[in-house]
Structures are given as C-alpha cells and as structure tokens.
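What follows is a single structure, written as structure tokens, with notes after it.
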Amino acid sequence: NVLFYEERFERCFLLRSCLNPFINILLSLTGQTLVVPSQPLVVPVGSEVTLPCQLESVKNIKDLVVDWGRPDLKPRYVHIRRDALDLLIDQNSLYLGRTRLSERGLAYGDLSLTLSRVRLSDAGTYHCFIPQMDTRILNDFLCYFPGVPVSVSPVSVSLTKDHSGSPVLRCESRGWFPEPELVWLDSEGTVLTGARTEAQRGVNEETFSVSSRLSVEQSPGNSFTCRVRHQETRQSRENQIRITGEKRHASHYSLKCVPKLLYLIYSQIISNNRKSL
Numbered sequence: 001n002v003l004f005y006e007e008r009f010e011r012c013f014l015l016r017s018c019l020n021p022f023i024n025i026l027l028s029l030t031g032q033t034l035v036v037p038s039q040p041l042v043v044p045v046g047s048e049v050t051l052p053c054q055l056e057s058v059k060n061i062k063d064l065v066v067d068w069g070r071p072d073l074k075p076r077y078v079h080i081r082r083d084a085l086d087l088l089i090d091q092n093s094l095y096l097g098r099t100r101l102s103e104r105g106l107a108y109g110d111l112s113l114t115l116s117r118v119r120l121s122d123a124g125t126y127h128c129f130i131p132q133m134d135t136r137i138l139n140d141f142l143c144y145f146p147g148v149p150v151s152v153s154p155v156s157v158s159l160t161k162d163h164s165g166s167p168v169l170r171c172e173s174r175g176w177f178p179e180p181e182l183v184w185l186d187s188e189g190t191v192l193t194g195a196r197t198e199a200q201r202g203v204n205e206e207t208f209s210v211s212s213r214l215s216v217e218q219s220p221g222n223s224f225t226c227r228v229r230h231q232e233t234r235q236s237r238e239n240q241i242r243i244t245g246e247k248r249h250a251s252h253y254s255l256k257c258v259p260k261l262l263y264l265i266y267s268q269i270i271s272n273n274r275k276s277l
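Using full-length UniProt numbering, you'd call the opening residue of the sequence shown number 1 and step up by one each time.
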C-alpha cells in the first residue's frame with residue numbers, strides 16, 4: 001500500500017493554509033490505510049518542492065522500478081529509475097536537470113520526488129508508479145503551483161471613448177497564472193455586467209494577460225473598480241477610477257462656444273474694416 005503525506009515546508013507560500021488535516025481513506029487492499037492530502041501543495045515559483053510518495057510496508061526499494069510521470073505531457077516521463085540507476089533518456093525536456101530521488105529515502109521506502117526551480121508550467125497531476133507492485137491506481141498525486149504575484153503588473157484603469165464619443169473604461173493587467181478572473185464593480189460594490197473581457201497567453205510566455213472594456217455613463221461622482229483575482233488562491237489586485245462629469249460638460253461647452261467666438265471675431269474685423277473705409 002502507499003502512504004501519501006505532506007511535509008511542513010518553511011518556505012511554503014501560505015494562501016489559506018499550506019498544510020490541512022489529512023483525509024484518511026480506509027481501503028480493503030492488504031488491510032492498509034491510504035492517506036492523501038486534503039489540499040494540493042502550493043509553492044512559489046523558483047523554489048524547491050518535494051512531491052510525497054511513501055511505501056509504508058516496504059523497507060528498501062533501491063532496486064525497484066520507480067516511474068514519476070504526468071499523463072498530460074508527451075513524453076509523460078518526469079523521472080525514471082531502474083536497477084538502482086536514474087534513466088533520464090526518455091525524460092521530458094521540461095524537467096531536465098530539475099528532478100531527483102533520495103538515495104537514503106529509497107532505502108526506507110520513500111519514493112518522494114524533489115523538483116527544483118519550480119516553473120508555472122509545472123502545475124499538474126503527478127503519478128508515482130511502481131510496476132512490480134502494480135501501484136498505479138494508488139499513486140495519483142495532485143500538485144498545483146498557482147502563480148505568485150511577484151510578476152503581476154499593477155491593474156491599470158483608464159477612460160477612453162468609443163466611435164460615438166461615449167465613455168468606455170479599459171482595464172489591463174499582466175503576469176497572472178493560472179488564468180485570472182476580471183470583474184467590474186460600481187461605487188456600491190455591485191458586480192457590473194456587459195464588459196468585453198479577454199485573456200491572452202503569449203507563445204513563449206507562461207503567464208496570462210487580461211484586459212477588459214466596459215461602457216459606462218459619465219455622470220458626476222461615478223466611480224468604478226476593476227478587480228483581477230484568483231478564486232482558488234484568493235489572490236486579488238484592483239484599481240479604482242472616478243469619473244467627473246463636470247469636466248466633460250465643460251469641454252462640450254467650450255467646443256460649442258468656439259464657432260460663435262470665431263464668428264464674433266470675424267464680424268468685429270469686418271466691422272472695423274468698414275469703419276476705416
């Protein structure tokens with residue numbers, strides 16, 4: 001049987017709680033207990049993490065085949081060990097030079113995989129598999145690496161106008177992972193609908209950029225908030241913009257007065273020329 005466990009990482013990025021009480025699931029297989037974490041691991045980008053996998057009833061597994069993989073990748077192999085040697089020829093290039101198993105741990109049934117220099121693309125489900133013991137079903141380990149807002153740009157909010165001259169709010173933010181949610185709120189905190197929002201991910205980029213446009217009414221004292229957030233990690237950034245209708249009216253008034261002013265100046269010039277004649 002397989003025992004999954006979570007170790008307390010001092011450098012773990014705490015969102016809600018990195019370590020929650022374990023969920024114990026009793027299985028009829030060999031009369032053992034399978035323990036799995038109630039929450040996925042959450043670690044900051046660039047750090048080191050150990051993905052737990054422990055065989056409770058086996059003492060020494062140095063000579064067994066150990067296969068760590070991700071089903072969503074091609075090739076799926078993250079780390080392979082056979083005949084007491086690491087065979088990394090078929091290893092996915094994304095993990096080159098970043099994985100290792102503990103020689104000391106293997107002597108005590110510990111198959112935990114250490115992954116260094118964590119990337120955003122490392123997020124996923126990892127399988128710890130020992131073919132000789134047919135443990136594939138029991139070794140499904142879920143580990144997420146949600147983005148840490150060290151690379152997230154500030155939320156930028158600006159006021160523009162559409163082709164008809166109506167006010168349009170624009171909101172932008174970059175550097176998010178996974179894809180964030182963007183919402184608009186009015187001065188009362190009510191979520192506004194009707195915005196045109198899109199998230200993009202560059203070809204050579206791991207993070208998402210999100211932008212949104214919202215048509216609004218321009219009246220004195222109106223304020224709007226653009227909030228970008230991750231529901232699962234509770235990360236959130238926002239920015240507020242206040243619209244002053246007086247400025248708009250003043251500008252319109254000035255534009256309307258320009259033709260009249262030009263006409264008065266022209267009339268005065270004509271009148272002065274006639275008097276001089």
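C-beta: ideal position from N, C-alpha, C; glycine also.
If the criterion is Cβ atoms closer than 8 Å, does the pair residue i and residue j meet it?
{"i": "Asp-63", "j": "Asp-83", "result": "yes"}
{"i": "Arg-81", "j": "Leu-73", "result": "no"}
{"i": "Thr-99", "j": "Val-78", "result": "yes"}
{"i": "Val-152", "j": "Cys-171", "result": "no"}
{"i": "Val-183", "j": "Arg-227", "result": "yes"}
{"i": "Glu-198", "j": "Phe-177", "result": "no"}
{"i": "Val-118", "j": "Val-45", "result": "yes"}
{"i": "Gly-109", "j": "Leu-55", "result": "yes"}
How is the beta strand (DSSP E) around residue i delimited, first residue to last?
{"i": "Glu-103", "result": "Segment 103–106 is the alpha helix (DSSP H) holding Glu-103; no beta strand (DSSP E) there."}
{"i": "Glu-238", "result": "236–243"}
{"i": "Asn-222", "result": "222–229"}
{"i": "Cys-128", "result": "124–129"}
{"i": "Gln-200", "result": "196–201"}
{"i": "Phe-208", "result": "208–215"}
{"i": "Glu-175", "result": "For the sequence presented, residue 175 should be read as Gly rather than Glu. Segment 167–176, the beta strand (DSSP E) holding Gly-175."}
Quick check: the Cα distance between residue i and residue j, rounded to an integer number of angstroms?
{"i": "Gly-194", "j": "Ser-121", "result": "32 Å"}
{"i": "Tyr-126", "j": "Arg-76", "result": "10 Å"}
{"i": "Gln-240", "j": "Glu-179", "result": "22 Å"}
{"i": "Ser-102", "j": "Val-191", "result": "50 Å"}
{"i": "Gln-218", "j": "Tyr-95", "result": "52 Å"}
{"i": "Leu-185", "j": "Leu-169", "result": "12 Å"}
{"i": "Ser-209", "j": "Arg-174", "result": "4 Å"}
{"i": "Ser-212", "j": "Gln-268", "result": "51 Å"}
{"i": "Leu-113", "j": "Arg-229", "result": "31 Å"}
{"i": "Gly-69", "j": "Ser-236", "result": "32 Å"}
{"i": "Ser-187", "j": "Ser-164", "result": "25 Å"}
Evaluate residue i with the Cβ neighbour count: other Cβ atoms within 10 Å of its Cβ, from every protein chain shown; 16 or more gives buried, anything less gives exposed.
{"i": "Ser-166", "result": "exposed"}
{"i": "Asp-162", "result": "exposed"}
{"i": "Pro-52", "result": "buried"}
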